[in-house]
Every structure is written in C-alpha cells, then in structure tokens.
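Participant: Using my numbering, the first residue of the sequence shown is number 894, and each one after it goes up by one. In this text, a Cβ means the ideal position worked out from N, Cα and C, and glycines have one as well. Questions regarding the structure given below will be posed in turn.
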Amino acid sequence: MFLKKVDGPRAVTLPDGTVMTRADLPPQTTKRWVASRKAAVVRGVLYGLIPQGEALKLYNLSEEEFRSWIAAVADFGEEALKTTRLKDYRKP
C-alpha cells in the first residue's frame, strides 16, 4: 500500500497522550457538522496536524465560522460545539 504525500505530519500526539492522524479527520465531503467532527478539525489545526488554511479550503469553511469553533473550544471546551448548547455558551 502506498501513502499519499502530504505536507506536514501524518500524525500528532495530543496532550492526553493519544495519537491523532489524518484518518481521524472527517471526510472532505462532510455536510453535516456534528460536535465531534468540529472538534476533530479544531484539534487537528491546533496541534499542527493540518494548517488552518488547508482545513478551511478542504471543508469549505469560512474563516469566521472556524474562528467561532476555536473560540467556543477555548472558552468552554468541546461541549460548546454542540448546536443544542449554543444559547448556554453564547457570550453576552
């Protein structure tokens, strides 16, 4: 089996000791963004698995939308990415 050439690392170690690979990222064709998929992309960018620009292009995300995901995780944790919890975590 041949591995596709990619820029950057194929895997990164997260602070909790788990290893995240590009296979852990959601498929490029993702249309329905559940909290776990958002969290995977945010983790991938924050820990250097994938550059932010590549993530925005790959998943057709706006910079504003992606920044809101990062801000939610930074302020309240990954629970804040759930759409049913938006009101609870919104800044006044």
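Just checking my contact of L942 with V966 at CB under 8 Å: how many whole Å lie between their CB atoms?
Facilitator: Contact flag wrong, Cβ pair sits at about 15 Å.
Participant: Rounded to whole angstroms, what's the CA-CA distance from E956 to V899? Just pull it up for me.
Facilitator: Distance between the alpha carbons of E956 and V899: 22 Å.
Participant: Rank A928, R915, Q921 by C-alpha distance to the C-alpha of G901 and give the top, closest one.
Facilitator: The candidate whose alpha carbon is nearest that of G901 is R915.
Participant: To the nearest angstrom, how far is it from the Cα of P919 to the Cα of G946?
Facilitator: The alpha-carbon atoms of P919 and G946 are separated by roughly 16 Å.
Participant: Kindly indicate which three-state DSSP category V935 falls into: helix, strand or coil?
Facilitator: Helix.
Participant: Less than 8 Å between the beta carbons of M913 and Y952, yes or no?
Facilitator: No; because the gap between Cβ atoms is not below 8 Å, this pair is not in contact.
Participant: Using 10 angstroms around the beta-carbon of V935, count the other beta-carbons present and answer buried if the total reaches 16, otherwise exposed.
Facilitator: Under this definition V935 is a buried residue.
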